[in-house]
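Residue 10 is where the sequence shown starts when you use this note's numbering, and the numbers rise one by one after that. By construction, the Cβ of each residue, glycine as well, lies at the ideal position given by its N, Cα and C atoms.
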Amino acid sequence: MKHLKILLTSLMILSFLAACAPEVMVINTQYILTTAMHEGKFVYLGVDGDINGVVNPVLHANPGERINIMLINSGEGTHDIVFPHINVQSDAISKQGETTSITFIAPKNNVALEYHDSGYEKIGMKGVLLVGEVVAGQAEPVMAEISAPAASGVTVEYALESGLMEGKMVFIGKGGEIDGQMNPDLKANLGDTVKITLFSGEGAAHNFYLDEFGAQSADVVGQENSVSLEFVVDQEGTFTYYCAIAGHRQAGMEGKFIAGSGVASAASQTQSTSYTGSGESAPVVAAGAADPNAVDITRDPSDLPGPLPKRGPEKLVVNLETVELVGKLADGTTYKFWTFNGKIPGPFIRVQVGDTVEVHLKNLPDSMMAHSVDFHATTGPGGGAVATQTQPGGDTMFTFKALNPGVYVYHCATPMVAQHITNGMYGLILVEPEGGLPPVDREFYVMQGELYTAQPFGTTGALTEDTTKLLNENPEYFVFNGASMALASEEHMLRAKVGETVRIYFGVGGPNFTSSFHVIGEIFDRVFDQASLTANPLTDVQTTLVPPGGATMVEFTVEVPGRYILVDHALSRLQRGLAGFLMVEGEPNLSVFDGEATEGSGH
10 MKHLKILLTS
20 LMILSFLAAC
30 APEVMVINTQ
40 YILTTAMHEG
50 KFVYLGVDGD
60 INGVVNPVLH
70 ANPGERINIM
80 LINSGEGTHD
90 IVFPHINVQS
100 DAISKQGETT
110 SITFIAPKNN
120 VALEYHDSGY
130 EKIGMKGVLL
140 VGEVVAGQAE
150 PVMAEISAPA
160 ASGVTVEYAL
170 ESGLMEGKMV
180 FIGKGGEIDG
190 QMNPDLKANL
200 GDTVKITLFS
210 GEGAAHNFYL
220 DEFGAQSADV
230 VGQENSVSLE
240 FVVDQEGTFT
250 YYCAIAGHRQ
260 AGMEGKFIAG
270 SGVASAASQT
280 QSTSYTGSGE
290 SAPVVAAGAA
300 DPNAVDITRD
310 PSDLPGPLPK
320 RGPEKLVVNL
330 ETVELVGKLA
340 DGTTYKFWTF
350 NGKIPGPFIR
360 VQVGDTVEVH
370 LKNLPDSMMA
380 HSVDFHATTG
390 PGGGAVATQT
400 QPGGDTMFTF
410 KALNPGVYVY
420 HCATPMVAQH
430 ITNGMYGLIL
440 VEPEGGLPPV
450 DREFYVMQGE
460 LYTAQPFGTT
470 GALTEDTTKL
480 LNENPEYFVF
490 NGASMALASE
500 EHMLRAKVGE
510 TVRIYFGVGG
520 PNFTSSFHVI
530 GEIFDRVFDQ
540 ASLTANPLTD
550 VQTTLVPPGG
560 ATMVEFTVEV
570 PGRYILVDHA
580 LSRLQRGLAG
590 FLMVEGEPNL
600 SVFDGEATEG
610 SGH
């Protein structure tokens, strides 16, 4: 509070000096706002006059007045001020003391105009300007009506068939470029007439819904029977089609319809639906074009340092960089991740009990946010977060002594903490007990997390975060090592040979969901519950619980060749991108397992 008072005093002086400067235009009404933290959230704070110290103040103006609003950055985060209904937006400011301003003529009618920060609106950084004799919520801006385009005369036809693929219930393309594709992307241009024919491939009841165009087919029942529907494409964007039979969409029957560019215009943003488990519809922000320069952010599960040699306590230096970058979330889908050292999870850190660890945290200059690090292995305030709140271009340092052996999570702890974690800022540190751990043939590093995107799961293009979904704990994606199905790829799957011993260090960054970690087709010989390395391990375990911000260490021997699937046994999450493969090579072991693989098992 003391620092806030000093800041407000400085801003009042700045306001006085600004008022004394020569004017180049007549300003009828002027307001000064600054950015601030209030109850763990970013807000606007009024400076001087009736709004001094008021959070997200209500501003007032007369119709037709010239308004000037100055915004001053208090030093945390990048901010701006936007009046969306009159298309007025300031420049973004990111440095402490940096200012920006906007000047505009107030509408000539009584109206309530919302203002907000383009990055933090959804968590409460917004207010209202009341023009004339009106109160907040009493009047709304009138947007220009957009007429639907006339039909172009072009008819685009698609045929789909219901069926089962990869253990899911899906739409399968029939004919043309989509033949054989699972839940194919359907495309048409603005003004086209689209005709969809749906066949029942296996005889169960199905239908086709595309809400934004009022497209709803009748149910089709009976193998090879079909139903058709037509609609005209009257808006651009990326939308979701699905089967509305109870449970079918959740089982996998949904795909993408791309109209025109696939990006909705600002004036024609529409609503779509995404299954959330509650049956409720949520507003959807159209995805932009995928970034062609997006990078692979997945930490390879074999990327971890080997066991430490037998030695006494030492001083170790750990260098972490906070990197904000656009990464590949899925095929054709990109996302702005926040990372430690450019990968998710952050680097696996290996120390020994009794070591002194010197942590250096550098926040790259092109970052848009302050970042920090909290080590759960640290005994001290904030796990080190109090010493590492690091601005873009800055660097910080602290030391701690590793007092307790175990496997511990570390993560960013800058407000809003959950936002930093969900965007990828988490990792594991292993504190080996004295004498180290028993040797194994293979060690792997896997962490689980969630992503809360404004667009539904499976949307292609550049996705954006949705803090409302984050606060409601309603994720679109569950991920191992940062990206959807990343550990199921040839590049990043786990690999071992028959007869080898395997150890997996598994943690949950979260920020919200507990994992029921399970490897399908294997039994954990030993589970070090809650990552306690000094307690006796559990033996012969099928599935183990790991809470957000927690970890475990599991060990087992692979005895039969084949593909083993890493899952969270809350198996609905498999449909949201959460799976990895352990590929085991070697000779068959018929005394342990003897069977022939069949199609459609999904394993």
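In whole angstroms, what is the alpha-carbon distance linking residue 404 and residue 546? 40 angstroms
What are the boundary residues of the beta strand (DSSP E) that residue 121 is part of? 120-125
Residue 499 burial status per 10 Å Cβ neighbour count (16 or more: buried): exposed
Whole angstroms are fine: how far does the CA of residue 442 sit from the CA of residue 560? 16 angstroms
Name, in chain order, the residues that DSSP records as bridge partners for residue 471. Note: residue 471 is bridge-paired with 297, 343 in the DSSP secondary-structure output.
Beta-carbon gap between residue 233 and residue 208 smaller than 8 angstroms: Yes, they are a contact pair.
Spatial neighbours of residue 74 within its chain, please: C-beta separation below 6 angstroms, excluding the five flanking residues on both sides. 37, 38, 115
Out of 51, 253, 78, 245, which has the shortest C-alpha to C-alpha gap to residue 214? 253
Just to confirm, are residue 240 and residue 227 a CB contact at a threshold of 8 angstroms? no
Beta bridge counterpart(s) of residue 537 as assigned by DSSP: When DSSP reads this structure, residue 537 sits in a beta bridge with 562.
What separation, rounded to the nearest whole angstrom, lies between the Cα atoms of residue 600 and residue 246? 56 angstroms
Rounding to the nearest angstrom, what Cα-Cα distance links residue 275 and residue 503 in this structure? Confidence at residue 275 is low in this model, with a pLDDT of 44, below 50, so the placement of that residue should be treated as unreliable; the coordinate-derived value is given next. Between residue 275 and residue 503, the C-alpha separation is close to 44 angstroms.
Which residue spans inside the stretch 373-424 form an unbroken beta strand (DSSP E) run of at least 3? 404-410, 415-420
Residues bridged to residue 512 [DSSP beta-bridge criterion]: 452, 564
First and last residue of the uninterrupted alpha helix (DSSP H) at residue 429: First-last of the alpha helix (DSSP H) with residue 429: 426-431.
By how many angstroms is the C-alpha of residue 531 removed from the C-alpha of residue 369? 40 angstroms
Per-residue DSSP class, three states only, for residue 581: helix
Residue from 309, 384, 521 whose Cα sits closest to the Cα of residue 452: 309
With 16 other CB atoms within 10 Å as the buried threshold, where does residue 134 fall? With at least 16 other beta carbons inside 10 angstroms of its own, residue 134 counts as buried.
Starting from residue 478, trace the beta strand (DSSP E) in both directions and tell me its first and last residue. Premise fails: residue 478 lies in the alpha helix (DSSP H), 476-480, not in any beta strand (DSSP E).
Which residues bound the beta strand (DSSP E) around residue 549? 547-550
Would you tell me roughly how many angstroms separate the C-alpha atoms of residue 80 and residue 102, rounded to the nearest one? 9 angstroms
Alpha-carbon spacing of residue 299 relative to residue 411, whole angstroms: 43 angstroms
6 angstroms Cβ shell around residue 592 - same chain, five flanking residues per side excluded: 502, 504, 572
Confirm, please, whether the CB-CB distance from residue 324 to residue 303 is below 8 angstroms. no
So for residue 131, helix, strand or coil by DSSP? Residue 131 falls in the helix class under three-state DSSP.
Using C-beta distances below 6 angstroms, list every residue in its chain close to residue 45, excluding the 5 sequence neighbours before and after it, in chain order. 52, 54, 83
Beta-carbon separation (whole angstroms), residue 193 vs residue 182, contact threshold 8 angstroms: 4 angstroms
Does residue 588 pass the burial test, meaning 16 or more other C-beta atoms within 10 Å, or should it be called exposed? buried
Taking DSSP as the reference, what is the three-state secondary structure of residue 94? helix
DSSP three-state label for residue 317, please. coil
Among 596, 535, 527, which one has its Cα closest to the Cα of residue 554? 527
For the 8 angstroms Cβ check, are there 3 or more pairs between the stretch 458-478 and the stretch 314-330? no
Quick one: Cα of residue 548 to Cα of residue 538, how far? Distance between the alpha carbons of residue 548 and residue 538 is about 10 angstroms.
Please report the straight-line C-alpha distance between residue 413 and residue 383, rounded to a whole angstrom. The alpha-carbon separation between residue 413 and residue 383 amounts to approximately 16 angstroms.
Nearest to residue 510 (by Cα), restricted to the options 597, 568, 251: 568
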